[in-house]
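Student:
Residue numbers (this note's numbering): 1 to 187.
#1: Give the straight-line distance between the Cα atoms of residue 121 and residue 32, rounded to the nearest whole angstrom.
#2: Roughly how many angstroms separate the alpha carbons of residue 15 and residue 175, rounded to a whole number?
#3: Identify which residue in 167, 136, 124 has its Cα closest to the Cα of residue 193.
#4: When DSSP builds the beta bridges, which residues end up paired with residue 39?
#5: Look up residue 12 in the DSSP assignment and give the residues it is bridged to.
#6: With a CB to CB cut of under 8 Å and the five nearest residues on each side skipped, what residues in its chain are close to residue 177?
#7: Which two residues bound the contiguous beta strand (DSSP E) that contains residue 118?
#8: Can you tell me where the alpha helix (DSSP H) with residue 83 in it begins and where it stops?
#9: Who are the Cβ neighbours of residue 11 in its own chain at under 6 Å, not counting the five residues just before and after it?
#10: In this structure, does DSSP put residue 7 in helix, strand or coil?
#11: Quick check: does the Cβ of residue 12 come within less than 7 Å of any heavy atom belonging to the ligand GTP?
#12: For residue 159 and residue 67, I'd like the C-alpha separation in whole angstroms.
#13: Taking the alpha carbon of residue 151 as the point to measure from, which residue in 138, 27, 126, 186 has its own alpha carbon closest?
#14: Can you say whether residue 22 is buried or exposed, counting buried as having 16 or more other CB atoms within 10 angstroms of its CB?
#15: Out of 140, 26, 58, 163, state which residue places its alpha-carbon closest to the alpha-carbon of residue 86.
#16: Could you give the residue range of the beta strand (DSSP E) that holds residue 153?
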């Protein structure tokens, strides 16, 4: 299995470290050629407008959509990655999303960097709570019928899956948490 991490912007090095702790060698994806042969792709947190612009300018957006629809690529998006994968984005200066999971997200809904926090969440099918960080995180305001909500925090979905797309509005990777990555690798 070839695992790639979108490595243009954001906390891709933390994802790489988590995968390394699981014995998984990953490649950094910055071009359409880098994406070739990748079966699993992580879109990390960062600034969603910057990531969206990069995907568009490199034509990775089209390549990713095509591969997901052909079912030759699974994606795990954390925080800004979840925003990029959403069907609809609300909030100021919302970027163009890939629309690959039927959710609506409100960008930076938890507030500024100073209002970031850590929490433990219970994720379906995982034996114990997962420690995560919410850093300028989005809130999922709507999950479609075919979207399986796997975890909530204070009444809002925070981890969800639809077919070959897994999203988390939080950051398990900054806590060194491996179980959501393990779940993704088994999808």
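For glycine and all other residues, C-beta sits at the position ideal for the given N, C-alpha and C. None of the values given here were measured: they were computed from a predicted structure.
Tutor: In this structure, then:
#1: 35 Å
#2: 10 Å
#3: It is not possible to answer for residue 193, since the shown part of the chain is limited to 1 through 187.
#4: None; residue 39 has no bridge partner.
#5: Answer is none; residue 12 lacks a bridge partner.
#6: 18, 130, 131, 132
#7: 117-121
#8: 80-85
#9: 44, 45
#10: coil
#11: Of ligands this structure carries none, so the ligand GTP is not represented either.
#12: 22 Å
#13: 126
#14: exposed
#15: 140
#16: 148-153
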